[in-house]
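Visitor: Dropping a structure here in structure tokens format, bear with me for questions.
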Amino acid sequence: MKRPTPYTASAQLYDVISFEWPVYRAGRAAAIDLLSLPTGSHVLDIGCGTGLNFSLLQQQIGPSGSITGVDASAQMLDQARRRSDSAGWSNVTLIEADATTVDAAELGDERRFDAAIATYALSLMAEWESALNTMIAATRPGGDVAVVDMQKPTGAAAVWTPLARLACRLGGSDIDAHPWTTMTRQLTEVRSASVRGGHIQVRVGSVLPD
Ligand SMILES: C[S@@+](CC[C@H](N)C(=O)[O-])C[C@H]1O[C@@H](n2cnc3c(N)ncnc32)[C@H](O)[C@@H]1O
8 MKRPTPYTAS AQLYDVISFE WPVYRAGRAA AIDLLSLPTG SHVLDIGCGT
58 GLNFSLLQQQ IGPSGSITGV DASAQMLDQA RRRSDSAGWS NVTLIEADAT
108 TVDAAELGDE RRFDAAIATY ALSLMAEWES ALNTMIAATR PGGDVAVVDM
158 QKPTGAAAVW TPLARLACRL GGSDIDAHPW TTMTRQLTEV RSASVRGGHI
208 QVRVGSVLPD
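Just so we're aligned: the sequence shown equals residues 8 to 217 in the working numbering.
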């Protein structure tokens with residue numbers, strides 16, 4: 008059964024109200040840099056929203072690659088479709104599904120993807136471990152899984168914690184979910200980055216052989 012998310016009425020405004028350029032762009036850019044995908048890669052984007060990862064991914068994968076975006080909100084997917092149509096990306100497939108219950112096999116051939124990414128999405132899902140397991144199951148051995156998500160800012164940036172908490176609450180995210188914590192035992196060669204005063208955490212790990 009599909010689960011309602013806050014990303015229905017606000018979908019058309021998301022790109023404007025989401026602090027993309029001042030704050031959150033840096034996290035997706037760091038993750039996609041770490042992925043460093045070869046041309047022709049097939050990528051799964053879980054909780055893809057309006058498709059803000061797509062242009063950065065397209066720069067790496069090119070037209071011979073593909074992006075499969077999954078989101079529970081039809082309204083967010085409408086925006087992602089508009090973005091893809093206006094950019095002329097014919098290699099994007101959009102699937103409306105709950106990432107915590109969808110089977111990896113429903114997203115394409117099992118283990119078809121060269122990489123999977125979830126940016127600012129898993130912390131919205133109480134059962135984020137199920138979504139992360141699906142990302143891993145859908146990625147071929149040796150492929151990469153990337154998670155970008157939020158925590159309270161650290162060090163001198165901790166003064167921004169109330170603002171970070173507010174932003175997460177408004178977006179429906181749990182700032183204390185830390186949905187990257189299991190990656191070190193589920194994946195190998197986990198690389199990390201931390202941006203925006205530690206508020207944004209990036210992890211990229213490789214899927215183990217069968
Ligand atoms: C904060 S937005 C992030 C969107 C995009 N990844 C980005 O970086 O801009 C979170 C997205 O996760 C989606 N989402 C929340 N729960 C979900 C679930 N259980 N399954 C699939 N998508 C979900 C929402 O609909 C929303 O589009």
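Every residue, glycine too, gets a C-beta built ideally from N, C-alpha and C.
Bear in mind the structure is a predicted one, so any value in this text is a computation, not a measurement.
What did DSSP end up calling methionine 142 once you bin it into helix, strand or coil?
Guide: Helix at methionine 142.
Visitor: Give a yes or no on whether the C-beta atoms belonging to valine 202 and glycine 212 are separated by under 9 Å.
Guide: In this structure, glycine 212 does not lie closer than 9 Å to valine 202 by Cβ.
Visitor: Grab me the residues of glutamate 136's own chain with a C-beta within less than 6 Å of its C-beta, minus the 5 sequence neighbours each way, in chain order.
Guide: Answer for glutamate 136: no residue qualifies.
Visitor: For tryptophan 167, tell me which candidate among Arg88, Trp28 and His206 has the shortest Cα-Cα distance.
Guide: The shortest Cα separation from tryptophan 167 among Arg88, Trp28 and His206 belongs to His206.
Visitor: So is arginine 10 buried or exposed if we call it buried at 16+ other beta carbons inside 10 Å?
Guide: In this prediction, arginine 10 has a pLDDT of 48, which is less than 50 and means its spatial position is unreliable; nothing more can be read from the coordinates.
Visitor: What runs of the beta strand (DSSP E), each 3 residues or longer, lie entirely inside the stretch 49–83?
Guide: Qualifying beta strand (DSSP E) stretches, in chain order: 49–53 and 73–78.
Visitor: Looking only at DSSP bridge pairs, what is phenylalanine 120 linked to?
Guide: Per DSSP, Thr146.
Visitor: If you draw a straight line from the C-alpha of valine 214 to the C-alpha of arginine 192, how long is it?
Guide: Roughly 11 Å between the two C-alpha positions.
Visitor: For methionine 132, does the three-state DSSP call read helix, strand or coil?
Guide: In this structure, methionine 132 counts as coil in the three-state DSSP scheme.
Visitor: Rounded to whole angstroms, how far is the Cβ of isoleucine 74 from the Cβ of aspartate 52, which I believe are closer than 8 Å?
Guide: Yes, they are in contact, since the Cβ atoms of isoleucine 74 and aspartate 52 sit about 6 Å apart, within 8 Å.
Visitor: Using 8 Å as the cut-off, can you tell me whether the stretch 145–155 makes contact with the stretch 168–178, which would need three or more C-beta pairs spanning the two stretches below that distance?
Guide: The stretch 145–155 vs the stretch 168–178: no contact.
Visitor: According to DSSP, what are the bridge partners of glutamine 208?
Guide: DSSP, once it has assigned bridges, lists Asp156 and Ser201 as partnering glutamine 208.
Visitor: Mapping the DSSP letters down to three states, classify threonine 188 as helix, strand or coil.
Guide: Coil, per DSSP.
Visitor: Taking 8 Å as the cut-off, is the beta-carbon of asparagine 140 closer than that to any non-hydrogen atom of ligand 3?
Guide: You won't find ligand 3 in this model; what it holds is ligand 1.
Visitor: According to DSSP, simplified to helix, strand and coil, what is serine 213?
Guide: Here serine 213 sits in strand by DSSP.
Visitor: Following a CB-centred definition, is leucine 59 positioned closer than 8 Å to any heavy atom of ligand 1?
Guide: True, at least one ligand heavy atom lies under 8 Å from that Cβ.
Visitor: Tell me, please, whether the CB atom of threonine 100 is closer than 9 Å to any CB atom in chain C?
Guide: No chain C appears in this structure, which consists of one protein chain only.
Visitor: With DSSP as the reference, label threonine 182 as helix, strand or coil.
Guide: The question names threonine, but residue 182 is isoleucine in the sequence shown. Coil, per DSSP.
Visitor: Please name the residue in Ala184, Ile39 and Leu64 whose C-alpha comes closest to that of leucine 159.
Guide: Before going further, note that residue 159 is lysine rather than leucine in the sequence given. When only C-alpha atoms are compared, the closest one is Ala184.
Visitor: With respect to 8 Å, is the separation between the Cβ of isoleucine 53 and the closest non-hydrogen atom of ligand 1 below this value?
Guide: Result yes, Cβ under 8 Å from ligand 1.
Visitor: Measuring only from the beta carbon, is leucine 44 closer than 8 Å to any heavy atom that is part of ligand 1?
Guide: Not under cutoff, so the answer is no.
Visitor: To the nearest angstrom, report how far apart arginine 172 and glutamine 82 are at their CA atoms.
Guide: The straight-line gap from Cα to Cα measures roughly 25 Å.
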